[in-house]
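Everything on this sheet refers to the single structure shown next.
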Amino acid sequence: MDPRSSARRQFWSGVWTVAPICVGVAAFGLVFGAASANAGLSLAQTLAMSLFVFSGAAQITAVSMLEVGAAPLTILLTTVALGLRHILMGASLAPYLRDRRLAWRALLAFQMVDETFAVSIIRFRAGTGSQWFFLGANLSLYMVWAASSAAGALLGAVAPDPASLGLDLIFPLIFLGLLVPLLQNRIEIATALLAGAFALLGSQILPDRWYLISAALLASLCGGALESIKARRSKA
Amino acid sequence: MSPGLLIAMALATYLTRLLPLVFLRGDASNPLLERWLRHVPVSIFAAIVAPGVFAPHGSVEWGGNAVAALVALMIAIRTRQLLLTVIAGMAVFWLLRALGG
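So the protein sequences, as listed, match chains A and B. Residues 1216 to 1451 (the working numbering) are what the first sequence spells out, left to right. Residues -18 to 82 (the working numbering) are what the second sequence spells out, left to right.
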């Protein structure tokens, strides 16, 4: 089998897989662009954020904070807090990319976002993933995000408000759809329920998005502990 | 927004994405680590879903989001199709919104 054609097929598979997700991303890009313009950022600054930071949560939070006059250091710290979840994501992807050259990992890391991480880790664990698939997914979202951010900044007040259209429900639904097939045994279900409960609790008592990484860390540790208990029981 | 803040944000975000991929080689010989990491995706997904569904406006509530998500969950269990799940959930949400006014 020609490795190049397989790479191309994997690439387009990545693009195709995130196509429905891109619709949601485009909608949010429009909103971010409009919010950014409203906060006084130029088109160039808006586009630069989307091209260099490439994190919807961080970007929307940042422009909102700029609007209310928050200090740059506070914005930076919030960005770091929001980015912590990437560490967990990278950690779970690392085994599958360990043999790839550093350049590959540096590139893939740059464009990794929640959704591309999600579709890629599912493929990797099923044994059908590759750096090409990941790249296809990454590039698609990257371009859609940049284009819609620019469009949103240009359209300004005309862009729709996601909350009024209920569009902010799209991403939880996407992750719900990705989550269900992964719940293949009781430990997985328990882990998911714990993560959900921790996250819900955390969202009420912790600032910013700390609930996400805290819940994910706690729940995955519990899941690991449950696995260890199960392994010890079956050995006995 | 100063260029300095933008650069700092970009660097900070990139580092959180890059560091584990550079420094962690996924040492498969540690079963404890492996058991933990195996549950990270499920945990992350669920941690994203729960607040979005049960606390979309800040405080915990059982609203249109929750009902829509419940329907979406059933569709997801039945069909395992991502697109159908999302469409079904959004359809229920908009329907409820139209009915509720």
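Just so you know, even glycine gets a beta-carbon here, dropped at the ideal spot from N, CA and C.
query	result
Which one of A:A1306, A:A1252, A:G1381 and A:T1331 has the shortest CA to CA distance from V1233 (chain A)?	A:T1331
What residues in its chain sit with their C-beta under 8 Å from that of E1403 (chain A), if we drop five residues either side in the sequence?	L1397 and G1438
Report the three-state DSSP secondary structure of R1224 (chain A) (helix, strand or coil).	helix
Using a Cβ-Cβ cutoff of 9 Å, what residues of the region 10 to 35 of chain B are near chain A? List them in chain order.	P12, L13, L14, E15, R16, W17, L18, R19, H20, V21, P22, V23, S24, I25, F26, A27, A28, I29, V30, A31, P32, G33, V34 and F35
Under DSSP, the alpha helix (DSSP H) around A1273 (chain A) begins and ends at which residues?	G1271 to E1282
Which residues, taken in chain order from the region 54 to 77 of chain B, show a beta carbon closer than 7 Å to some beta carbon of chain A?	L54, A57, I58, R61, L63, L64, T66, V67, G70, M71, F74 and W75
Which residue wins for smallest C-alpha separation from T1261 (chain A), given the options B:R6, B:P(-16) and B:N46?	B:P(-16)
Consider the Cβ of D1423 (chain A): report whether some Cβ of chain B lies at a distance smaller than 9 Å.	no
Are the CB atoms of L1324 (chain A) and L18 (chain B) nearer to each other than 9 Å?	Before going on, a small fix: residue 1324 (chain A) reads as Ala here, not Leu. Cβ distance not < 9 Å, so A1324 (chain A) and L18 (chain B) don't count as in contact.
Distance, Cα to Cα, A(-7) (chain B) vs R1448 (chain A)?	43 Å
Looking at the unbroken alpha helix (DSSP H) that takes in V1240 (chain A), where does it start and where does it end?	A1234 to N1253
Please list, in chain order, the chain A residues whose beta carbon lies closer than 7 Å to that of A79 (chain B).	Within chain A, no residue comes near A79 (chain B); the closest Cβ sits about 11 Å away, beyond 7 Å.
Identify whether Q1419 (chain A) lies in helix, strand or coil by the three-state DSSP scheme.	helix
Can you look up Q1346 (chain A) in the DSSP assignment and give me helix, strand or coil?	helix
Once DSSP output is grouped into helix, strand and coil, what is the label at D1314 (chain A)?	coil
Can you tell me whether A1352 (chain A) is buried or exposed, with buried defined as 16 or more other CB within 10 angstroms of its CB?	buried
Please state whether DSSP places E42 (chain B) in a helix, a strand or coil.	coil
If the cut-off is 7 Å on Cβ atoms, which residues from the region 1262 to 1274 of chain A count as contacting chain B, listed in chain order?	A1263, M1264, F1267, V1268, S1270 and A1273
So the alpha helix (DSSP H) L77 (chain B) belongs to, where does it begin and stop?	L63 to G81
Looking only at C-alpha atoms, which of B:I68, B:A47 and B:A72 sits nearest to L1415 (chain A)?	B:A47
CA-CA distance, Y1311 (chain A) and A1341 (chain A)?	11 Å
Leaving out five residues on either side along the sequence, give the residues of the same chain with a beta carbon under 7 Å from the beta carbon of I56 (chain B).	L65, T66 and A69
I'd like to know whether the C-beta atoms of L1356 (chain A) and Q1399 (chain A) end up nearer to each other than 9 Å.	no
Taking 9 Å as the CB-CB cut-off, is F1390 (chain A) touching chain B?	yes
With 9 Å as the threshold, decide whether the Cβ of F1452 (chain A) is near any Cβ in chain B.	Residue 1452 (chain A) cannot be examined here, being either before or after the span of chain A that is shown, 1216 to 1451.
Going along chain B in order, which residues have a C-beta closer than 8 Å to the C-beta of Y1426 (chain A)?	A28 and P32
Measuring alpha carbon to alpha carbon, tell me which residue in A:A1249, A:S1443, A:L1408 and A:P1422 is nearest T1294 (chain A).	A:P1422
Give the straight-line distance between the Cα atoms of R1202 (chain A) and L1297 (chain A), rounded to the nearest whole angstrom.	With chain A running from 1216 to 1451 in the structure shown, residue 1202 (chain A) is simply not present.
Use the C-beta contact count for P12 (chain B): other C-beta atoms within 10 angstroms, 16 or more gives buried, fewer gives exposed.	exposed
Do L1427 (chain A) and I1337 (chain A) have their C-beta atoms within less than 9 Å of each other?	no
Can you list, in chain order, the residues of its chain with a C-beta nearer than 6 Å to that of V1240 (chain A)? Leave out the 5 residues immediately preceding and following it.	L1356, V1359 and W1360
Hey, G1229 (chain A) and V1334 (chain A): beta-carbon distance below 9 Å or not?	yes
Closer than 6 Å by C-beta to L1409 (chain A): which residues in its own chain qualify, once you throw out the five before and the five after it? Chain order, please.	A1434 and C1437
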